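Comments concern the structure below.
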Amino acid sequence: MNTQQNQHPAVQAAVAYAALTAAHEVGDYIVQRDADAKAKGKHGPVGASACARHVGSYTATQALALYAVDRYLRLGLNWRRAAAGLALSAVTHYVADRCAGHWSDDSKDAPLLVRAAHAAGKTGWLTGDPGAGPLLDQAWHKGCIALAAAVVSGQGR
125 MNTQQNQHPA VQAAVAYAAL TAAHEVGDYI VQRDADAKAK GKHGPVGASA CARHVGSYTA
185 TQALALYAVD RYLRLGLNWR RAAAGLALSA VTHYVADRCA GHWSDDSKDA PLLVRAAHAA
245 GKTGWLTGDP GAGPLLDQAW HKGCIALAAA VVSGQGR
């Protein structure tokens, strides 16, 4: 990352959030392979591999966006913090995307985030609205991207 000029952490966080969010849209809807989108929620190694491939290309897209805004705007991001933020985004993205196709499943075998959504009282919505799962998925992603942006811009250890 560029260390020519260090911007205020709030500026870094805002720009990182904007870049990571824009790259999220590109990585999730343009870069993602159709086959991976269809398979990433399947149980077993087929689903895990598809999800890992998607998260790899998604994270590369976010890394490129973060690098570009850092260089262009001379933010002075710390590469270790940027890597940590990208890792947080990648891991949380993988966890959520393994839930694909399972959001209406209220059984004990459902993925952890799905069970948490049902425990939070979302069963009626998740079982009655086919768009509910994808909306919860995107809400999770955007919340995690905000945390990743905070990590990228943080000044602590």
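Be aware that the sequence shown starts at 125, since it is given in the numbering used here, and climbs by one per residue.
All C-beta atoms in this analysis are idealised placements derived from N, C-alpha and C, irrespective of residue type, glycine included.
All values derive from a computational prediction rather than experimental measurement.
- Ranked by Cα distance from V219, the first of A187, Q262, S228 is Q262.
- By the neighbour-count criterion, in which 16 or more other beta carbons inside 10 Å mark a residue as buried, S277 falls on the buried side.
- In the structure shown, H265 falls within a helical segment according to DSSP collapsed to helix, strand and coil.
- A direct Cα-Cα distance of roughly 19 Å separates D253 from G165.
- In terms of Cα proximity to K162, the closest of H242, A174, I154, S213 is A174.
- The three-state reading of DSSP puts A187 in helix, counting H, G and I together.
- Under the DSSP assignment, Y218 falls in the alpha helix (DSSP H) whose first and last residues are 203-221.
- Short of 7 Å from the beta carbon of D152, and not among the five residues preceding or following it, lie these beta carbons of its own chain, in chain order: Y182.
- Residue burial is scored here from C-beta neighbours: P258 has fewer than 16 other C-beta atoms within 10 angstroms and is therefore classed as exposed.
- Here R204 is exposed. Its C-beta has fewer than 16 other C-beta atoms within 10 Å.
- In this model, A214 and L271 are separated by some 12 Å (Cα to Cα).
- The Cβ atoms of A187 and L210 lie closer than 8 Å to each other.
- Note that the C-beta distance between A147 and T185 is below 8 Å.
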